[in-house]
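Step one of this worksheet: look at the structure below.
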């Protein structure tokens, strides 16, 4: 078998995980690859479900850490990662894939759905993920499987597993050539027969793109690989909705870090980003990850390039998750939210009225990149408040994920400094030493009209980086912070890093707000620049320094321009 599993070429891979976790990974790999054959033979139409719907995570992590295993373990791994030996293969009508399946060798492997229909599905998935959504095609396999085409194998899988994508040989820079295997009939799965095959192909082929064209760092970022592939199921096959079956654990535990989830239960995070900014932001996150950014940093940068920030977006995501189930509003929030679970509050505070100066305070801690729901129940008049406390500390989420922010949350029936009004009768106050990474959104009696507004009042240039050839939702201009100006104008000067002036002009200072999906975005005091120098020319790619001057105050900082 030519180019057989070129794991042994990986001589320079560092150790990613400790010895105990490495042994655990090895044992999981053995269990996955040497599944109980009797269990396969006895697999019936009963319900097959567990949190991990595909084996890609185990296999990608083994590939990433291969050099850290013992020599004996490496030999065993290499011997087990061989392609299935099946007796028949066909090429899909558009010539994108080769499908392998059994017609006689193993009756237990024979397809339980029409293979010609699967071939059409594969071509559709390829066109949708590459032509419509803009991802590059997964790389070929250097002739493995009979030719250069990407290979899909139909083979009976352990109960609960829909399939897997196997990293087979390393290309460069942590990118891999792969093949994929899917279950032969999906009997007893939430999506049976060809429907199960459809969502599995969309899911697994995206895994092949992720590590074939971007990067394999599943050991530390695996949750986002699964978020992306689960969301891809919905983007390609909107009417199947297999992902509904995996969401419950997140809606019960949203106070946990996003990155501590499996990803199978949080695919709707990418669906949220897509609905807010379009598909290109998801492609951009993968580009930024391939450049070496952790997934949370890549998300933050991609959102900033689109004129927002992660705190605003993750807080808004928390609101969308609240309006699900019986409180769903498809016009403002998730289109399919009525089919989602309802949020389980982290705790409930009792609050009775009327009293003089009634208040209730709770102290707690929050995890980085999480949404914590505090329900406040007024037993006197049956009011219900829901406070959504967002921790958007993506830096600690990447580098110090054991860090917790101590917070104090108070609800009261009177105003005092710093409190936020909720309806006419309630005020809330959020206090913390980490207040800069926190946000609070509060809703009264499930009424979205009571939702307190989000204010963006920061010193960020957006979009960043700025690309002349890209269309931005905020317009093809840079928005640059300025001091507050009583005269309504500010002087903007742009310098190269060598302090050569390329632009200088007096511009209007904007205090602008725009109404989004039932929330108010406000950005105070900024000037708008089209990125052209004083002669109307585009600038070379690079880092530039801005200075704005108004009413004897100065703001300055850096911005990045790409002239692609």
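Numbering (the numbering used here), first residue to last: 271 to 834. C-beta atoms are modelled at their ideal positions from N, C-alpha and C, and glycine is treated no differently. This structure is a prediction, so every number in the text was calculated from the model and none was measured.
1) Would you check if there are 3 or more beta carbon pairs closer than 8 Å linking the region 422 to 430 to the region 442 to 452?
2) I'd like to confirm the pairing. Which residues does DSSP put opposite residue 446 in its beta bridges?
3) Roughly how many angstroms separate the alpha carbons of residue 785 and residue 659, rounded to a whole number?
4) Judging by CA-CA distance, which residue of 803, 535, 340, 301 is the nearest neighbour of residue 503?
5) Which residue wins for smallest C-alpha separation from residue 367, given the options 510, 333, 414?
6) Quick one: residues in its chain with C-beta nearer than 8 Å to the C-beta of residue 771, no 5 flanking neighbours on either side, listed in chain order?
7) Need the endpoints of the beta strand (DSSP E) that residue 420 sits in, please.
8) Apart from the five residues on each side of it in sequence, which residues of its chain come closer than 7 Å, Cβ to Cβ, to residue 417?
9) Looking only at its chain, what residues have a beta carbon closer than 6 Å to the beta carbon of residue 343, apart from the 5 residues adjacent to it on each side?
10) Assign residue 758 to one of three DSSP states: helix, strand, or coil.
11) Can you check whether the CB of residue 608 is closer than 8 Å to the CB of residue 595?
12) For the beta strand (DSSP E) containing residue 661, name the first residue and the last one.
13) Just to check my reading of the structure: residue 576 and residue 555 have Cβ atoms closer than 8 Å, yes? What is that Cβ distance to the nearest angstrom?
14) Starting from residue 667 and walking both ways along the alpha helix (DSSP H), at which residues does that stretch end?
15) Would you call residue 769 buried or exposed, if buried means 16 or more other Cβ atoms sit within 10 Å of its Cβ?
16) Determine the DSSP secondary structure at residue 392, reduced to helix, strand or coil.
17) Taking residue 652 as the reference, give the member of 444, 682, 621 with the closest Cα.
18) Indicate the three-state DSSP secondary structure (helix, strand or coil) for residue 731 in the structure shown.
19) Nearest by alpha-carbon distance to residue 670: which of 797, 683, 639, 655 is it?
20) Go ahead and pull the three-state DSSP assignment for residue 830.
21) Per the contact definition of three or more C-beta pairs closer than 8 Å, is the region 540 to 548 in contact with the region 496 to 516?
22) Within the continuous alpha helix (DSSP H) that includes residue 540, where are the two ends?
23) Cα separation between residue 605 and residue 591?
24) Please identify the residue among 818, 523, 710, 482 whose C-alpha is closest to the C-alpha of residue 409.
The answer reads as follows:
1) These segments touch.
2) DSSP output for residue 446 lists 440 as bridge partner(s).
3) The predicted model places residue 785 with a pLDDT of 35, which falls under 50 and marks its position as unreliable, so this point remains unresolved.
4) Selected option, being the one with the closest Cα: 535.
5) Put simply, of 510, 333, 414 the residue whose alpha carbon is nearest the alpha carbon of residue 367 is 414.
6) 763, 764, 765, listed in sequence order.
7) If you look at residue 420, you'll find it in the beta strand (DSSP E) that goes 420 to 424.
8) Taken in chain order, the residues that qualify are 368.
9) Beyond the five residues adjoining it in sequence on each side, residue 343 comes within less than 6 Å, by CB distance, of 296 in the same chain, given in chain order.
10) It is coil, neither helix nor strand.
11) Yes. Within cutoff.
12) Its beta strand (DSSP E) spans residues 654 to 661.
13) The C-beta distance from residue 576 to residue 555 rounds to 11 Å, too long to meet the 8 Å contact threshold.
14) The continuous alpha helix (DSSP H) containing residue 667 extends over residues 664 to 669.
15) The Cβ neighbour count for residue 769, taken over all protein chains shown within 10 Å, is under 16; the residue is labelled exposed.
16) Look at residue 392 here: in three-state DSSP terms it is helix.
17) It is 621.
18) If DSSP states are grouped into helix, strand and coil, residue 731 belongs with coil.
19) Considering only 797, 683, 639, 655, the residue with the shortest C-alpha distance to residue 670 is 639.
20) DSSP places residue 830 in strand when its eight states are reduced to three.
21) Judged by Cβ distances under 8 Å, the region 496 to 516 makes contact with the region 540 to 548, as three or more pairs qualify.
22) Residue 540 -> alpha helix (DSSP H) spans 538 to 547.
23) Residue 605 and residue 591: Cα-Cα distance of roughly 12 Å.
24) Of 818, 523, 710, 482, the residue nearest in Cα terms is 482.
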